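Since the structure comes first, as C-alpha coordinates, the remarks are kept for the end.
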Amino acid sequence: MDKVVHSAADAVADIGDGATLAVGGFGLCGIPSVLIRALLARGTTDLSVVSNNCGVDDWGLGLLLREKRIRRMTSSYVGENKEFERQYLAGELEVELTPQGTLAERLRAGGAGIAGFFTRTGVGTQVAEGGLPWRYAADGGVAVASPAKEVRTFGDHEYVLEEAITCDFALIRAWKGDRQGNLVFRDSARNFNPLCAMSGRITVAEVEELVEVGDLPPNDVHVPGIFVQRVVVLTPEQAAEKRIERRTVRPRPDAA
783 MDKVVHSAAD AVADIGDGAT LAVGGFGLCG IPSVLIRALL ARGTTDLSVV
833 SNNCGVDDWG LGLLLREKRI RRMTSSYVGE NKEFERQYLA GELEVELTPQ
883 GTLAERLRAG GAGIAGFFTR TGVGTQVAEG GLPWRYAADG GVAVASPAKE
933 VRTFGDHEYV LEEAITCDFA LIRAWKGDRQ GNLVFRDSAR NFNPLCAMSG
983 RITVAEVEEL VEVGDLPPND VHVPGIFVQR VVVLTPEQAA EKRIERRTVR
1033 PRPDAA
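Have a look at this one:
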(Lines of atoms letter the chains of each structure in order from A and count residues from 1; the text may use other names and numbers.)
(Lines give C-alpha, C1' and ligand atoms only; values in the text may rest on other atoms or scores of the structure.)
Protein backbone atom coordinates (compact mmCIF):
# COMPACT_ATOMS: atom_id res chain seq x y z
CA MET A 1 0.00 0.00 0.00
CA ASP A 2 3.02 2.32 0.27
CA LYS A 3 2.92 4.26 -3.02
CA VAL A 4 5.86 6.59 -2.41
CA VAL A 5 8.53 6.29 -5.12
CA HIS A 6 12.15 7.32 -4.78
CA SER A 7 12.24 10.13 -7.34
CA ALA A 8 10.29 11.95 -10.02
CA ALA A 9 12.50 10.26 -12.62
CA ASP A 10 11.45 6.83 -11.33
CA ALA A 11 7.80 7.89 -11.27
CA VAL A 12 7.72 8.75 -15.00
CA ALA A 13 10.17 6.09 -16.20
CA ASP A 14 7.50 4.03 -17.96
CA ILE A 15 5.79 6.92 -19.74
CA GLY A 16 6.74 6.03 -23.30
CA ASP A 17 6.62 7.81 -26.62
CA GLY A 18 3.08 8.30 -27.90
CA ALA A 19 1.46 8.12 -24.46
CA THR A 20 -1.71 10.03 -23.60
CA LEU A 21 -1.33 12.27 -20.58
CA ALA A 22 -3.73 14.24 -18.36
CA VAL A 23 -1.98 17.09 -16.55
CA GLY A 24 -3.50 19.02 -13.66
CA GLY A 25 -3.30 22.72 -13.03
CA PHE A 26 -4.88 25.98 -14.16
CA GLY A 27 -2.53 28.49 -15.69
CA LEU A 28 0.56 27.91 -13.57
CA CYS A 29 -1.42 27.23 -10.40
CA GLY A 30 -1.16 23.69 -9.08
CA ILE A 31 0.85 22.31 -11.99
CA PRO A 32 3.08 19.24 -11.50
CA SER A 33 6.21 21.14 -12.50
CA VAL A 34 8.69 18.64 -11.04
CA LEU A 35 7.13 15.69 -12.86
CA ILE A 36 7.01 17.68 -16.10
CA ARG A 37 10.73 18.44 -15.85
CA ALA A 38 11.45 14.77 -15.14
CA LEU A 39 9.50 13.80 -18.25
CA LEU A 40 11.44 16.40 -20.23
CA ALA A 41 14.74 14.96 -19.00
CA ARG A 42 13.63 11.45 -19.92
CA GLY A 43 13.19 12.48 -23.55
CA THR A 44 9.65 11.18 -23.99
CA THR A 45 8.06 12.51 -27.17
CA ASP A 46 4.97 12.32 -29.42
CA LEU A 47 2.71 12.95 -26.43
CA SER A 48 -1.02 13.63 -26.56
CA VAL A 49 -1.74 15.90 -23.59
CA VAL A 50 -5.04 16.87 -22.00
CA SER A 51 -4.74 19.96 -19.81
CA ASN A 52 -6.63 23.20 -19.33
CA ASN A 53 -3.71 25.08 -20.92
CA CYS A 54 -0.10 24.50 -21.98
CA GLY A 55 1.86 26.52 -19.46
CA VAL A 56 4.00 29.42 -20.66
CA ASP A 57 7.02 29.47 -22.92
CA ASP A 58 9.55 28.73 -20.17
CA TRP A 59 7.56 26.85 -17.51
CA GLY A 60 5.21 23.92 -17.08
CA LEU A 61 4.05 22.12 -20.20
CA GLY A 62 5.63 24.92 -22.21
CA LEU A 63 8.99 23.22 -21.61
CA LEU A 64 7.80 20.04 -23.34
CA LEU A 65 6.19 22.07 -26.11
CA ARG A 66 9.37 24.05 -26.74
CA GLU A 67 11.28 20.81 -27.36
CA LYS A 68 8.47 19.56 -29.64
CA ARG A 69 7.64 16.63 -27.39
CA ILE A 70 3.87 17.25 -27.64
CA ARG A 71 2.02 16.08 -30.76
CA ARG A 72 -1.52 16.96 -29.69
CA MET A 73 -3.18 19.16 -27.06
CA THR A 74 -6.75 19.03 -25.77
CA SER A 75 -7.27 22.31 -23.92
CA SER A 76 -9.71 25.09 -23.19
CA TYR A 77 -7.29 28.04 -23.09
CA VAL A 78 -3.96 28.56 -24.86
CA GLY A 79 -3.40 32.30 -24.78
CA GLU A 80 -0.23 32.57 -22.66
CA ASN A 81 2.19 30.69 -24.91
CA LYS A 82 3.64 32.23 -28.08
CA GLU A 83 5.38 29.02 -29.13
CA PHE A 84 2.05 27.22 -28.85
CA GLU A 85 0.53 29.71 -31.28
CA ARG A 86 3.46 29.38 -33.68
CA GLN A 87 3.39 25.58 -33.75
CA TYR A 88 -0.37 25.44 -34.14
CA LEU A 89 -0.53 27.90 -37.02
CA ALA A 90 2.47 26.24 -38.70
CA GLY A 91 0.78 22.84 -38.65
CA GLU A 92 3.29 21.36 -36.19
CA LEU A 93 0.77 20.84 -33.37
CA GLU A 94 -2.73 19.40 -33.34
CA VAL A 95 -5.12 21.24 -31.00
CA GLU A 96 -8.62 20.32 -29.85
CA LEU A 97 -10.12 23.36 -28.17
CA THR A 98 -12.87 22.37 -25.74
CA PRO A 99 -15.16 24.55 -23.59
CA GLN A 100 -13.72 24.63 -20.09
CA GLY A 101 -16.69 23.12 -18.27
CA THR A 102 -17.03 20.46 -20.95
CA LEU A 103 -13.35 19.57 -20.57
CA ALA A 104 -13.77 19.22 -16.81
CA GLU A 105 -16.80 16.96 -17.21
CA ARG A 106 -15.13 14.85 -19.91
CA LEU A 107 -12.28 14.12 -17.49
CA ARG A 108 -14.64 13.42 -14.60
CA ALA A 109 -16.81 11.16 -16.75
CA GLY A 110 -13.78 9.19 -17.86
CA GLY A 111 -12.78 8.60 -14.25
CA ALA A 112 -16.34 7.60 -13.33
CA GLY A 113 -16.61 5.06 -16.14
CA ILE A 114 -19.18 7.08 -18.09
CA ALA A 115 -18.68 6.84 -21.85
CA GLY A 116 -20.20 10.21 -22.71
CA PHE A 117 -22.81 12.81 -21.82
CA PHE A 118 -25.09 15.40 -23.40
CA THR A 119 -24.61 19.12 -22.73
CA ARG A 120 -26.14 22.33 -24.07
CA THR A 121 -22.72 23.94 -24.31
CA GLY A 122 -21.67 24.26 -27.95
CA VAL A 123 -25.04 23.64 -29.55
CA GLY A 124 -25.40 25.74 -32.69
CA THR A 125 -21.65 26.32 -33.00
CA GLN A 126 -18.74 24.54 -34.67
CA VAL A 127 -18.24 22.64 -31.41
CA ALA A 128 -21.31 20.62 -32.43
CA GLU A 129 -21.37 21.17 -36.18
CA GLY A 130 -17.71 20.39 -36.77
CA GLY A 131 -15.15 22.20 -38.87
CA LEU A 132 -12.91 23.60 -36.13
CA PRO A 133 -9.28 23.42 -37.31
CA TRP A 134 -7.49 20.79 -35.25
CA ARG A 135 -4.36 20.90 -37.37
CA TYR A 136 -3.29 23.27 -40.12
CA ALA A 137 -1.40 22.31 -43.26
CA ALA A 138 1.91 23.93 -44.18
CA ASP A 139 0.13 26.13 -46.76
CA GLY A 140 -2.28 27.51 -44.16
CA GLY A 141 -5.21 25.31 -45.10
CA VAL A 142 -6.96 23.01 -42.65
CA ALA A 143 -5.41 19.54 -42.64
CA VAL A 144 -7.59 18.04 -39.88
CA ALA A 145 -10.95 19.47 -38.78
CA SER A 146 -13.19 18.54 -35.88
CA PRO A 147 -16.02 16.14 -36.77
CA ALA A 148 -19.70 16.86 -36.32
CA LYS A 149 -21.20 15.55 -33.09
CA GLU A 150 -24.55 13.99 -32.35
CA VAL A 151 -27.21 16.49 -31.25
CA ARG A 152 -30.42 15.37 -29.57
CA THR A 153 -33.43 17.12 -28.14
CA PHE A 154 -34.39 16.62 -24.50
CA GLY A 155 -37.46 18.57 -23.42
CA ASP A 156 -37.30 22.01 -24.98
CA HIS A 157 -33.55 22.12 -25.63
CA GLU A 158 -30.94 20.60 -27.87
CA TYR A 159 -27.86 18.92 -26.41
CA VAL A 160 -24.57 17.86 -27.98
CA LEU A 161 -22.91 14.53 -27.19
CA GLU A 162 -19.42 14.79 -25.68
CA GLU A 163 -17.19 11.76 -25.17
CA ALA A 164 -15.38 11.07 -21.92
CA ILE A 165 -11.59 11.31 -21.65
CA THR A 166 -9.29 8.68 -20.21
CA CYS A 167 -5.51 8.79 -20.47
CA ASP A 168 -2.64 6.35 -20.05
CA PHE A 169 -1.13 8.52 -17.31
CA ALA A 170 -2.04 11.55 -15.21
CA LEU A 171 0.39 13.97 -13.57
CA ILE A 172 -0.94 16.09 -10.71
CA ARG A 173 0.26 18.19 -7.77
CA ALA A 174 -1.15 18.18 -4.24
CA TRP A 175 -0.52 20.16 -1.06
CA LYS A 176 -0.55 17.14 1.24
CA GLY A 177 -0.62 13.42 0.68
CA ASP A 178 -0.07 10.21 2.59
CA ARG A 179 1.68 7.00 1.65
CA GLN A 180 -1.54 5.44 0.37
CA GLY A 181 -2.11 8.27 -2.11
CA ASN A 182 -4.87 10.16 -0.32
CA LEU A 183 -4.53 13.79 -1.36
CA VAL A 184 -5.50 17.27 -0.20
CA PHE A 185 -5.24 20.40 -2.36
CA ARG A 186 -4.94 23.97 -1.16
CA ASP A 187 -7.34 26.65 -2.33
CA SER A 188 -7.39 27.26 -6.10
CA ALA A 189 -4.57 24.75 -6.72
CA ARG A 190 -7.31 22.12 -6.52
CA ASN A 191 -8.63 23.18 -9.98
CA PHE A 192 -8.30 20.38 -12.57
CA ASN A 193 -6.09 18.14 -10.43
CA PRO A 194 -8.80 15.83 -8.98
CA LEU A 195 -10.40 15.42 -12.42
CA CYS A 196 -7.09 14.54 -14.06
CA ALA A 197 -6.33 12.11 -11.23
CA MET A 198 -9.58 10.30 -11.96
CA SER A 199 -9.01 10.09 -15.71
CA GLY A 200 -5.52 8.59 -15.64
CA ARG A 201 -5.07 4.82 -15.68
CA ILE A 202 -1.82 5.42 -13.79
CA THR A 203 -1.82 8.62 -11.75
CA VAL A 204 1.37 10.13 -10.39
CA ALA A 205 1.06 12.81 -7.70
CA GLU A 206 3.82 15.12 -6.55
CA VAL A 207 3.08 16.31 -3.01
CA GLU A 208 4.48 19.27 -1.14
CA GLU A 209 4.13 17.57 2.24
CA LEU A 210 3.97 13.86 3.06
CA VAL A 211 1.99 12.86 6.13
CA GLU A 212 1.44 9.48 7.73
CA VAL A 213 -1.60 7.36 6.97
CA GLY A 214 -4.42 8.44 9.26
CA ASP A 215 -3.21 12.02 9.65
CA LEU A 216 -5.62 13.33 7.01
CA PRO A 217 -9.20 13.58 8.29
CA PRO A 218 -11.37 11.58 5.87
CA ASN A 219 -13.68 14.53 5.28
CA ASP A 220 -10.70 16.65 4.17
CA VAL A 221 -9.49 14.24 1.48
CA HIS A 222 -10.14 15.59 -2.02
CA VAL A 223 -8.79 12.59 -3.95
CA PRO A 224 -8.88 9.14 -2.33
CA GLY A 225 -5.88 6.90 -2.81
CA ILE A 226 -7.81 4.51 -5.06
CA PHE A 227 -7.17 6.99 -7.90
CA VAL A 228 -3.43 7.39 -7.22
CA GLN A 229 -0.75 4.82 -8.02
CA ARG A 230 2.47 6.76 -7.27
CA VAL A 231 3.46 9.54 -4.88
CA VAL A 232 6.56 11.72 -5.25
CA VAL A 233 7.58 13.80 -2.23
CA LEU A 234 8.99 17.22 -3.12
CA THR A 235 11.93 18.86 -1.41
CA PRO A 236 11.19 22.15 0.40
CA GLU A 237 12.88 23.99 -2.47
CA GLN A 238 10.77 22.23 -5.09
CA ALA A 239 7.58 22.83 -3.12
CA ALA A 240 8.35 26.54 -2.81
CA GLU A 241 9.11 27.08 -6.50
CA LYS A 242 5.90 28.52 -7.95
CA ARG A 243 5.25 31.08 -10.62
CA ILE A 244 2.54 33.52 -11.68
CA GLU A 245 1.79 34.17 -15.36
CA ARG A 246 1.14 37.89 -14.93
CA ARG A 247 1.76 39.54 -11.63
CA THR A 248 -0.52 42.53 -11.24
CA VAL A 249 -0.32 44.74 -8.16
CA ARG A 250 -1.73 48.08 -7.08
CA PRO A 251 0.59 50.92 -6.11
CA ARG A 252 0.96 51.46 -2.40
CA PRO A 253 -1.30 54.26 -1.06
CA ASP A 254 1.77 56.21 0.04
CA ALA A 255 3.70 55.68 -3.20
CA ALA A 256 3.20 59.31 -4.26
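For what it's worth, this note's numbering labels the leading residue of the sequence shown as 783, then goes sequentially. C-beta atoms are modelled at their ideal positions from N, C-alpha and C, and glycine is treated no differently. In this text, all values refer to a predicted model and were calculated from it rather than measured experimentally.
- Message: How far does the beta strand (DSSP E) with Phe866 in it extend, from its first residue to its last?
- Response: For Phe866, there is no enclosing beta strand (DSSP E); the residue is found in the alpha helix (DSSP H) stretching over 864–871.
- Task: Measure the CB-CB distance between Ile797 and Thr826 and report whether it falls below 8 Å.
- Result: Contact check for Ile797 against Thr826 passes: the beta carbons are separated by less than 8 Å.
- Query: Around the C-beta of Lys785, are 16 or more other C-beta atoms found within 10 angstroms, so that it is buried, or is it exposed?
  - Reply: Counting Cβ neighbours within 10 Å, Lys785 comes out buried, since at least 16 surround it.
- Message: Quick check on the burial criterion: 16 or more other C-beta atoms within 10 angstroms. Buried or exposed for Lys850?
- Response: Counting Cβ neighbours within 10 Å, Lys850 comes out exposed, since fewer than 16 surround it.
- Message: Please identify the residue among Thr985, Arg819, Pro976, Leu803 whose C-alpha is closest to the C-alpha of Asp828.
- Response: Out of Thr985, Arg819, Pro976, Leu803, Leu803 has the C-alpha closest to the C-alpha of Asp828.
- Query: By Cβ distance below 6 Å, which residues in the same chain neighbour Ala956 in space, the five residues on each side in sequence not counted?
  - Reply: Within the same chain, Cβ atoms closer than 6 Å to the Cβ of Ala956 are found at Leu965, Phe967, Ala987, Val989, the five residues on either side in sequence being excluded.
- Query: Hey, does Glu887 have any beta-carbon neighbour from chain D nearer than 8 Å?
  - Reply: Any reference to chain D falls outside this structure, which holds one protein chain only.
- Message: Given a cut-off of 8 Å on the beta-carbon distance, is the pair Val838 and Glu867 in contact?
- Response: Not a contact, by the Cβ cut-off of 8 Å.
- Do the stretch 990–1004 and the stretch 910–928 meet, that is, are 3 or more Cβ pairs less than 8 Å apart? As far as the Cβ criterion goes, the stretch 990–1004 does not touch the stretch 910–928, which means the pair count is below three.
- Query: Is the distance from the Cβ of Gln1040 to the Cβ of Leu847 below 8 Å?
  - Reply: Here the chain has residues from 783 to 1038 only, and residue 1040 is not among them.
- Is it the case that the Cβ atoms of Trp841 and Glu876 are separated by a distance below 8 Å? Remark: C-beta atoms of Trp841 and Glu876 do not approach each other more closely than 8 Å.
- Query: On the three-state DSSP scale, how would you describe Met855?
  - Reply: DSSP places Met855 in strand when its eight states are reduced to three.
- Task: Keeping to the same chain, check which residues put their C-beta closer than 7 Å to that of Phe899; ignore five residues upstream and five downstream.
- Result: Correct list, in chain order: Glu887, Ala891, Glu944.
- Item | Continuous beta strand (DSSP E) stretch holding Gly898: start and end | Where Gly898 is concerned, the enclosing beta strand (DSSP E) stretches over 898–901.
- Message: Is it buried or exposed, Val1031, if we count other Cβ atoms within 10 angstroms and call 16 or more buried?
- Response: Counting Cβ neighbours within 10 Å, Val1031 comes out exposed, since fewer than 16 surround it.
- Query: Got a sec, what are the start and stop residues for the alpha helix (DSSP H) Thr880 sits in?
  - Reply: Run containing Thr880: none; DSSP gives neither H nor E here.
- Item | Every unbroken alpha helix (DSSP H) within the stretch 965–997, with a cutoff of 4 residues, ordered by chain | If we require 4 residues or more, the alpha helix (DSSP H) runs fully inside the stretch 965–997 come out as 975–981.
- Ala910: first and last residue of the uninterrupted alpha helix (DSSP H) it sits in: DSSP places Ala910 in the uninterrupted alpha helix (DSSP H) bounded by 908–911.
- Query: For Gly922, which of Glu874, His939, Ser928, Val794 has the nearest alpha-carbon?
  - Reply: Here the closest residue by C-alpha is Glu874.
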